[in-house]
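**Q**
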Amino acid sequence: MLFKKVITFILLLICSAAFSQKSMSLLVAEYDENAASNHLQHLVKYTFLNGMMTGKETIVSVPSKKEGKTDYVRFDIGKCKLINNQFLITGIGNVIDVKAKKIVVSERAEFVKYSGDSIVFYTNDIFKGKFYSVLNTKTGKYQKVENANYNPLPRPDVEADETTKPFSITAYYINGKKDELVKDAGYGEAQPLLGDDVKRKFQLFWIDNKSFLYANFSKNQQNASIYKVSLDKSIEKIADITEIPATAANAFFEYAADGTIVYSCGKGKFSIDLVKKKADKLMLEAAGNNFLIEAEENVKYGRAIKFEGVEIGKKWCHTSNAKSINGHIALQNDIVIGSERYPQGVIVWNNITKKWITIEVASFEEIIGWIEE
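My numbering puts the first residue of the sequence shown at 2, with every later residue one more than the last.
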């Protein structure tokens, strides 16, 4: 009798664990097979349970261009965000309700913050002007904030004046006051693209509501100094990066998945230490949830991937669109032949099966991220 009770108890525990197991779903943007003519793209959900892929579902299908001319919804510009396990915000400010399977916002704007039931956006357009908009996630209503003095962030509007050489940085306050914070902010970063676009790029990276980082580029573009600037006009040099080679990619600051500030430029990726005032070349890049990816690609094998300090494979992938969740990571899967690169789809590893799963995607666009169901 006691033996039967023990067996029954064990079976109940197993069943309880099985029913309590939450599935993980990976969102991937894919081009339609006729995207060259219809500009159509699909947001597809791949569901995993106990480490095994159990389903595939198309959430929405939407054109990337409206009437074939202007950007409509784009998954391939900037970085997408997933909020509250439900709302997908694209890099240009479109919003898709993943649960309701519908486009909530098709307007283009800059994401500012998520607070309570509100997602705030900022528009700075030569034709539309400057204003904030708010999406109510409960009602789905998206509207412009009519109060011209509304500011969702407790800080002034700080901008670089690109009409001067060198650039300067000025703070503009609601009361009309303006304050020049940096007189000589360098020359910005010239992006050496083909064609006539030689507009210099200049990023202000806010650390908090009182201070920001920027890169002061030399006129010849080969050297940059990282500075921390505060609204009280105090300026600290953090580090120098020299002998920067030309590149077609923008230099930028960002937070890594572990909270580290990373600066990416033509010379590579650097971890910025504000306390010790230095910039160290990144060897391993945090992908979140105890996953690390080799920062620089090796010509022989691609990049090494680690989980909890143990190598789990070497893959031809990217760090920019690697997405992780508890015990799961998704990477872009490429084939590299000589100098040519061909995206094949997505590869997924999890710490349950400890195996790589390949998701075949005929026309891969972007890995969006994970949601827990």
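Glycine residues also receive a C-beta, built at the ideal position from the N, C-alpha and C atoms.
(1) Which first and last residues belong to the beta strand (DSSP E) in which Ala-257 is found?
(2) If you check the beta carbons only, do Asn-313 and Tyr-47 fall under 9 Å apart?
(3) Give me the Cα-Cα distance between Val-159 and Tyr-173, rounded to the nearest whole angstrom.
(4) Across which residues does DSSP place Asp-126 in a beta bridge pair?
(5) Comparing alpha-carbon positions, which option in Ile-294, Arg-75, Phe-203 lies nearest Val-311?
(6) Am I right that His-40 and Ser-65 are in contact with their C-beta atoms under 8 Å? What's the rounded C-beta distance?
(7) Use the C-beta contact count for Phe-4: other C-beta atoms within 10 angstroms, 16 or more gives buried, fewer gives exposed.
(8) Would you kindly work out how many angstroms separate the C-alpha atoms of Lys-378 and Val-146, rounded to a whole number?
(9) How would you write the range of the beta strand (DSSP E) that Ser-24 sits in, first residue to last?
(10) Asn-39 lies in the alpha helix (DSSP H); which residues open and close that run?
(11) Quick one: what does DSSP say Cys-16 is sitting in, helix, strand or coil?
(12) Hey, would you say Ile-104 sits closer than 9 Å to Asn-95, going by beta carbons?
(13) Could you check the C-alpha separation between Lys-142 and Ile-97 for me, to the nearest Å?
(14) According to DSSP, is Val-199 helix, strand or coil?
(15) Would you kindly check if the distance between the Cβ of Thr-320 and the Cβ of Ala-305 is under 9 Å?
(16) I need the straight-line Cα distance from Gly-56 to Lys-279, nearest angstrom please.
(17) Using a Cβ-Cβ cutoff of less than 7 Å, which residues in the same chain neighbour Arg-109 once the five nearest sequence positions on both sides are dropped?
(18) Check whether the Cβ atoms of Ile-242 and Lys-268 lie closer than 9 Å to each other.
(19) If we call anything under 9 Å between Cβ atoms a contact, is Val-113 one with Pro-155?
(20) Excluding the 5 residues flanking Gly-52 on each side, which residues of the same chain have their C-beta closer than 6 Å to its C-beta?
(21) Pick helix, strand or coil for Arg-342, following the three-state DSSP scheme.
(22) Have a look at Val-199 and Phe-213 and give me their C-alpha separation to the nearest angstrom.
(23) May I ask you to report which of helix, strand or coil DSSP gives Cys-318?
(24) Leaving out the 5 sequence neighbours to the left and right, which residues in its chain are closer than 7 Å to Ser-231 when beta-carbon positions are compared?
(25) Residues in its own chain within less than 6 Å of Leu-237 by CB, not counting five upstream and five downstream?
(26) Can you tell me which of the three DSSP states Gln-87 falls into?
(27) Buried or exposed: Phe-218, going by 16 or more other Cβ atoms within 10 Å of its Cβ?
(28) Does the Cβ of Met-247 have 16 or more other Cβ atoms within 10 Å, making it buried, or fewer, making it exposed?
(29) Just confirm the distance between the C-beta atoms of Ala-186 and Pro-167, as a whole number of angstroms; I'd bet it's less than 8 Å.
(30) Just to confirm before moving on: does the CB-CB distance between Glu-367 and Lys-23 stay below 9 Å?
(31) Quick one: Cα of Asn-224 to Cα of Tyr-188, how far?
(32) Can you tell me whether DSSP reads Gln-204 as helix, strand or coil?
(33) Going by the CB atoms, is the gap between Asn-334 and Asn-290 shorter than 9 Å?
(34) So, helix, strand or coil for Asp-209, using DSSP?
(35) For Tyr-151, does the three-state DSSP call read helix, strand or coil?
(36) Ends of the beta strand (DSSP E) at Ser-169?
**A** Considering the structure as presented:
(1) For this step, residue 257 is matched to residue 256 along the sequence shown. It is not in any beta strand (DSSP E) - Ala-257 carries neither H nor E in the DSSP assignment.
(2) Within the sequence shown, the letter at position 312 stands for residue 313. Within the sequence shown, the letter at position 46 stands for residue 47. A small fix is needed here, since residue 313 is Ile in this sequence, not Asn. No, they are not a contact pair.
(3) The residue labelled residue 159 in the question sits at position 158 within the sequence shown. The residue labelled residue 173 in the question sits at position 172 within the sequence shown. So the two alpha carbons sit approximately 6 Å from each other.
(4) For the purposes of this step, residue 126 is taken as the residue at position 125 of the sequence shown. Looking at the DSSP assignment, Asp-126 forms a beta bridge with Gly-130.
(5) If you number the sequence shown from 1, residue 311 lands on position 310. Checked all of Ile-294, Arg-75, Phe-203; the closest Cα to Val-311 is Ile-294.
(6) Locating residue 40 in the sequence shown gives position 39, where the first residue counts as 1. Locating residue 65 in the sequence shown gives position 64, where the first residue counts as 1. Yes, His-40 and Ser-65 are in contact; Cβ-Cβ is about 5 Å, under 8 Å.
(7) One-based indexing of the sequence shown puts residue 4 at position 3. Bear in mind that a pLDDT of 47 at Phe-4, under 50, signals an unreliable position, so the number given afterwards is only what the model happens to contain. The residue is exposed, with fewer than 16 neighbouring Cβ atoms inside 10 Å.
(8) The structure shown does not extend to residue 378, since the chain spans only 2 to 374, so no value can be given for it.
(9) For this step, residue 24 is matched to residue 23 along the sequence shown. From DSSP, Ser-24 is part of no beta strand (DSSP E); its letter is neither H nor E.
(10) Residue 39 sits at position 38 when you count from the first residue of the sequence shown. Run containing Asn-39: 36 to 39, per the alpha helix (DSSP H) assignment.
(11) Here the question's residue 16 lines up with position 15 in the sequence shown. Per-residue confidence for Cys-16 stands at a pLDDT of 42, beneath the threshold of 50, marking its modelled position as unreliable; the derived number appears in the next sentence. The answer is helix: DSSP assigns Cys-16 an H, G or I state.
(12) Within the sequence shown, the letter at position 103 stands for residue 104. Within the sequence shown, the letter at position 94 stands for residue 95. Against a cut-off of 9 Å, the Cβ pair of Asn-95 and Ile-104 comes out as a contact.
(13) Numbered from 1 along the sequence shown, position 141 holds the residue referred to as residue 142. Numbered from 1 along the sequence shown, position 96 holds the residue referred to as residue 97. C-alpha separation (whole angstroms): 13 Å.
(14) Working through the sequence shown from its first residue, we reach residue 199 at position 198. A caution first: Val-199 carries a pLDDT of 46, below 50, which makes its placement in the model unreliable, though a value can still be read off. The answer is coil: DSSP assigns Val-199 none of H, G, I, E or B.
(15) Taking the sequence shown and counting its residues from 1, the one referred to as residue 305 is at position 304. Taking the sequence shown and counting its residues from 1, the one referred to as residue 320 is at position 319. No, they are not a contact pair.
(16) The count along the sequence shown starts at 1 and reaches residue 56 at position 55. The count along the sequence shown starts at 1 and reaches residue 279 at position 278. Answer to the nearest angstrom: the Cα atoms are 47 Å apart.
(17) Here residue 109 refers to the residue found at position 108 when the sequence shown is read from its first residue. Result list for Arg-109: Asp-72, Ile-93, Gly-94, in chain order.
(18) Translated into the one-based positions of the sequence shown, residue 242 becomes position 241. Translated into the one-based positions of the sequence shown, residue 268 becomes position 267. For Ile-242 and Lys-268, yes; Cβs fall inside 9 Å.
(19) In the sequence shown, counting from the first residue as 1, residue 113 sits at position 112. In the sequence shown, counting from the first residue as 1, residue 155 sits at position 154. No, they are not a contact pair.
(20) If you number the sequence shown from 1, residue 52 lands on position 51. Only Asn-351, Ile-353, Thr-354 meet the Cβ criterion.
(21) Translated into the one-based positions of the sequence shown, residue 342 becomes position 341. Arg-342: strand per DSSP, three-state reduction.
(22) In the sequence shown, counting from the first residue as 1, residue 199 sits at position 198. In the sequence shown, counting from the first residue as 1, residue 213 sits at position 212. Note that Val-199 scores 46 on pLDDT, short of 50, meaning its location in the model is unreliable; the coordinates nonetheless yield the value given after this. Distance between the alpha carbons of Val-199 and Phe-213 is about 25 Å.
(23) In the sequence shown, the residue the question calls residue 318 occupies position 317. Here Cys-318 sits in coil by DSSP.
(24) As a working note, residue 231 is residue 230 in the sequence shown. Result list for Ser-231: Lys-211, Ser-212, in chain order.
(25) Sequence index remark: in the sequence shown, residue 237 carries index 236 (1-based). Note that residue 237 is Glu in the sequence shown, not Leu. Here the set comprises Lys-229.
(26) On the sequence shown, residue 87 is found 86 positions in, with the first residue counted as 1. Gln-87 falls in the coil class under three-state DSSP.
(27) Your numbering for residue 218 matches position 217 in the sequence shown. When all chains shown are included, Phe-218 counts as buried.
(28) Locating residue 247 in the sequence shown gives position 246, where the first residue counts as 1. Checking the sequence shown, residue 247 turns out to be Ala, not Met. Ala-247 comes out exposed.
(29) By 1-based counting over the sequence shown, the position of residue 186 is 185. By 1-based counting over the sequence shown, the position of residue 167 is 166. Their Cβ separation, rounded to whole angstroms, is 6 Å, which keeps Ala-186 and Pro-167 in contact under 8 Å.
(30) Your numbering for residue 367 matches position 366 in the sequence shown. Your numbering for residue 23 matches position 22 in the sequence shown. Result no, Cβ atoms of Glu-367 and Lys-23 do not sit closer than 9 Å.
(31) Here the question's residue 224 lines up with position 223 in the sequence shown. Here the question's residue 188 lines up with position 187 in the sequence shown. Each residue's alpha carbon lies about 11 Å from the other.
(32) What you label residue 204 is simply residue 203 of the sequence shown in a count that begins at 1. DSSP places Gln-204 in coil when its eight states are reduced to three.
(33) In the sequence shown, residue 290 corresponds to position 289, counting from 1. In the sequence shown, residue 334 corresponds to position 333, counting from 1. In this structure, Asn-334 does not lie closer than 9 Å to Asn-290 by Cβ.
(34) For the purposes of this step, residue 209 is identified with residue 208 of the sequence shown, where counting begins at 1. In the structure shown, Asp-209 sits in coil (DSSP, three-state: anything other than H, G, I, E or B).
(35) As a position in the sequence shown, residue 151 is number 150, starting the count at 1. Correct three-state label for Tyr-151: coil.
(36) Counting from one through the sequence shown, the residue named residue 169 turns up at place 168. Taken as a continuous stretch (DSSP letters only), the beta strand (DSSP E) holding Ser-169 covers 169 to 173.
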